[in-house]
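Below is one structure, written out as structure tokens; the observations come after it.
Numbering (this note's numbering), first residue to last: 1 to 220.
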């Protein structure tokens, strides 16, 4: 089972379970989801990330000790506290940004990143390495709540097309909110390059872990 950590505090069960439900639908991943406390706006700048780090580490440790998980993923494009969490648990710790970057590198060599901020998450850019091509966003869509505005998908399609026109051969999302609005489903109707969704990328990474664990147990 995969333990999913959400960095957005919510009591709305449908919101909390969004990523887990999508992974189940996409790759039949069984999961349990918990969120950190007292961050109703999630992580949106350096200060909020620093406040969240000890909370994520504490929750990762709790999930590893109290729930029957064989891996944990921090479902946030910025991969907050991924290294710190790896230091305190004995199961693999994934991050949405890292998983997305590795998946994108498997299908393309010039990765165009689309997000809602004016910068690419640092860990994601590091993991992309020489595969990183460019990053873009829309000035009209700077918060996750903006993604539900009328015309948001069309606006983001224009951003993605700019990246492709500049030479990108794969589009990588840098916002897990794009999964909520089913942006990949919309993009694939119009774009000629692969599109990497961060929630799906986490499911793919977990499948690799699950298979390796299963093969190891068979050899014991």
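We put the beta carbon where it would ideally sit given N, CA and C, even for glycine.
Check	Outcome
As assigned by DSSP and simplified to three states, the class of residue 143	coil
Reduced DSSP secondary structure (H/G/I, E/B, other) of residue 170	strand
Straight-line gap, residue 9 to residue 24 (C-alpha atoms, nearest Å)	22 Å
Rounded straight-line distance, which links the Cα of residue 163 to that of residue 17	31 Å
Under the three-state DSSP convention, the category residue 77 falls into	coil
Cβ separation of residue 104 and residue 174, assumed to be a contact under 8 Å, to the nearest whole Å	Actually they are not in contact, since the Cβ atoms of residue 104 and residue 174 sit about 11 Å apart, beyond 8 Å.
Per-residue burial, residue 31 [other beta carbons within 10 Å of its own, 16 or more giving buried]	buried
Endpoints, the alpha helix (DSSP H) within which residue 232 is located	Residue 232 falls outside the range modelled here, since the chain spans only 1 to 220, and no answer is possible.
N- and C-terminal bounds of the beta strand (DSSP E) containing residue 6	2-6
Cβ neighbour criterion (16 or more within 10 Å) applied to residue 80	buried
Option nearest residue 130 by Cα separation, candidates 120, 110, 144 and 42	110
Identity of the residues DSSP links to residue 34 by a beta bridge	5
Secondary structure of residue 134, DSSP reduced to three states	strand
Three-state secondary structure (DSSP) of residue 29	coil
Buried or exposed (CB count within 10 angstroms, at least 16 for buried), residue 55	buried
Outcome for residue 184 when other beta-carbon atoms lying within 10 angstroms are tallied against a minimum of 16	buried
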